[in-house]
Ligand code: HEM
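Numbering (the working numbering), first residue to last: 24 to 492.
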């Protein structure tokens, strides 16, 4: 008898639970049922479909596309969002920044990278901050200052890898972070970079997360990482101003701006957020492209041989200690092709976020003001019409293509937000590859598992055995 009562209660609560779930899902659908919106589902109140988006990633987006087409609505990362997978519409959105669309990164990114980070500001302030950014990363700066530093860094960072087994993912991450800290703050690898490294990793994990500030969440940890890095930066900038020594890093160039009233002046908070944005934007993209290039080259010996020939020819024409010059870099045709093909095949950047500043019409649908748009570019990279045999690593395809005339070349974004670190990133990867392939041979021991979403990573590392050539 008692068992029967318990079972009835259990049954009652299961049914109630199911009904509540259905009611909540329905309520969330009705809430966002505005006339003219694209089709799609909105998931749970507050959480929406964030969990499916982050865990199923590419498959979730593919399934929704199969059901609803290339433009569909969803609710992710705390906001109602339109996902756009149509190449022409994506290009249109990139090119129409400021005309109904602005950058609209998730709340988590806004909170963790700061309200003044370049990806969060619009209009004249964005233009001015890009101007400041270009002073730091333009081709003349790379040719005359940064390249020598990058060469010196790669040469020494690499020097003791022979006869070891290492995780190339970990090494390229360390490399990109240390190099960014050197370029931005003039820091040499040491005690301070060791303190900053874990804080930086927390910050990265929190950038794409549900903005719930509870202990243990990625968002909470990311926010803590931000606070610690900021308090370090405040002290660092204070000391720089107090001692007035000259340095050859990006911070120095930013502070020297203050002495020239004809230049656009940015506040301290804007300086901190710009520094953070540069550190972040160059870190993950450069490290992941470098790691994936090592992987693809190992899997494709012909491409590795061709790349080695290019770099050996450059090295053989100079002394062992001579640095790579701008002309050397410009002559690395096959290396450029390897970098583009690696970025395409692994889709280092899956998509970018925009936000509507007014009601907008897209493909006959009405997108309400304030909605996020996830401009998902991944599928363009595997379009067989643009890239025959798209799942094959074939750097040679880029030798025949002029990227400027490529209709959907969006690996570095497009329009007025196109990556200002594009050339710098490529130089860093090219110099990394130069020293890596001329010095070492390697074999992959473990690491065939590569996750592609929300970021490209080897969850168990990419373990290689290295020897001197
Ligand atoms: C392989 C390397 C890189 C790739 C694939 C890459 C990709 C991108 C993409 C796709 C965007 C466009 C984002 C958008 O439209 O919202 C972007 C923007 C940006 N990138 Fe890069 N990037 C790379 C390297 C770098 C480096 C080395 C730096 C810093 C020195 C950098 C700094 C930035 C900044 C500051 C922005 C924001 C620009 C703005 O909002 O106006 N990137 N990057």
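Note that beta-carbon positions come from the ideal geometry of N, C-alpha and C, so glycine has one too. Because the structure is a prediction, the values reported are computed rather than measured.
Whose CA, out of the options, lies closest to the CA of residue i?
i           : options               : result
residue 109 : 342, 85 and 341       : 85
residue 483 : 92, 191 and 64        : 191
residue 358 : 449, 445, 308 and 99  : 449
residue 87  : 72, 101 and 100       : 72
residue 211 : 167, 328 and 270      : 270
residue 293 : 487, 283, 278 and 285 : 278
residue 479 : 129, 155, 352 and 310 : 310
residue 178 : 460, 488 and 481      : 460
residue 431 : 59, 337, 111 and 77   : 111
residue 353 : 446, 380 and 408      : 446
residue 18  : 491, 490, 487 and 474 : The shown model of the chain, from 24 to 492, leaves out residue 18, and the question about it has no answer.
residue 189 : 492, 472, 390 and 466 : 466
residue 403 : 161, 295 and 370      : 370
residue 100 : 383, 391, 122 and 477 : 477
residue 295 : 167, 284, 274 and 239 : 274
residue 314 : 89, 471, 153 and 139  : 471
residue 141 : 83, 298 and 130       : 298
residue 235 : 130, 351, 408 and 469 : 130
residue 152 : 286, 382, 229 and 123 : 286
residue 291 : 268, 263 and 306      : 263
residue 330 : 382, 355 and 351      : 355
Assuming residue i and residue j form a contact by the criterion Cβ under 8 Å, report the distance between their Cβ atoms to the nearest whole angstrom.
i           : j           : result
residue 332 : residue 421 : Residue 332 to residue 421, Cβ: 17 Å. No contact.
residue 367 : residue 410 : 7 Å
residue 198 : residue 175 : Not quite, the Cβ-Cβ distance comes to about 13 Å (not below 8 Å), so this is no contact.
residue 454 : residue 173 : 5 Å
residue 443 : residue 156 : 5 Å
residue 128 : residue 376 : 5 Å
residue 378 : residue 125 : 6 Å
residue 159 : residue 318 : The Cβ separation is near 31 Å, so there is no contact.
residue 452 : residue 312 : 5 Å
residue 207 : residue 272 : 6 Å
residue 59  : residue 405 : Actually they are not in contact, since the Cβ atoms of residue 59 and residue 405 sit about 31 Å apart, beyond 8 Å.
residue 487 : residue 185 : Rounded, the Cβ-Cβ distance is 12 Å, inconsistent with contact.
residue 395 : residue 102 : 5 Å
residue 491 : residue 458 : Rounded, the Cβ-Cβ distance is 12 Å, inconsistent with contact.
residue 362 : residue 316 : 7 Å
residue 113 : residue 433 : 7 Å
residue 233 : residue 70  : 7 Å
residue 349 : residue 170 : 6 Å
residue 123 : residue 380 : 6 Å
residue 481 : residue 419 : Not really, about 26 Å apart at Cβ, beyond 8 Å.
* Asked: Counting pairs of beta carbons, one from the segment 411-421 and one from the segment 146-159, are three or more of them closer than 8 Å?
  -> Cβ pair count under 8 Å is below three, so no.
* Asked: Between the segment 128-143 and the segment 225-245, do three or more beta carbon pairs fall short of 8 Å?
  -> With the cut-off at 8 Å, the segment 128-143 and the segment 225-245 touch.
* Asked: Counting Cβ pairs closer than 8 Å, one from the segment 196-206 and one from the segment 291-305, do we hit at least three?
  -> Contact holds: three or more Cβ-Cβ distances are below 8 Å.
* Starting from the N-terminal side, write out each stretch of the beta strand (DSSP E) that is 3 residues or longer and does not extend beyond the segment 406-484. => With a minimum length of 3 residues, the unbroken runs of beta strand (DSSP E) contained wholly in the segment 406-484 fall at 463-469.
* **Segments assigned beta strand (DSSP E), at least 3 residues, entirely inside the segment 158-197** => The segment 158-197 contains these whole beta strand (DSSP E) runs: 187-190.
* Uninterrupted alpha helix (DSSP H) stretches inside the segment 53-125 (no shorter than 4 residues) -> Segments of the alpha helix (DSSP H) lying fully in the segment 53-125: 73-78, 81-91 and 110-118.
* Is there contact here, the segment 428-445 with the segment 106-120, by at least three beta-carbon pairs under 8 Å? -> The segment 428-445, when compared against the segment 106-120, does touch it at the 8 Å Cβ threshold.
* Asked: Touching or not, the segment 393-402 and the segment 334-347, by the rule of three or more beta carbon pairs under 8 Å?
  -> The segment 393-402 makes no contact with the segment 334-347, as fewer than three CB pairs between them are under 8 Å.
* Asked: Contact between the segment 248-263 and the segment 217-226: three or more CB pairs below 8 Å?
  -> By the criterion of at least three beta-carbon pairs nearer than 8 Å, the segment 248-263 is in contact with the segment 217-226.
* Asked: If you pair each beta-carbon of the segment 88-95 with each one of the segment 61-71, do three or more pairs fall below 8 Å?
  -> Judged by Cβ distances under 8 Å, the segment 88-95 makes contact with the segment 61-71, as three or more pairs qualify.
* Length-filtered (4 minimum) alpha helix (DSSP H) runs lying within the segment 250-325 -> For the alpha helix (DSSP H) assignment, the uninterrupted runs of no fewer than 4 residues enclosed by the segment 250-325 are, from N- to C-terminal side, 273-280 and 291-322.
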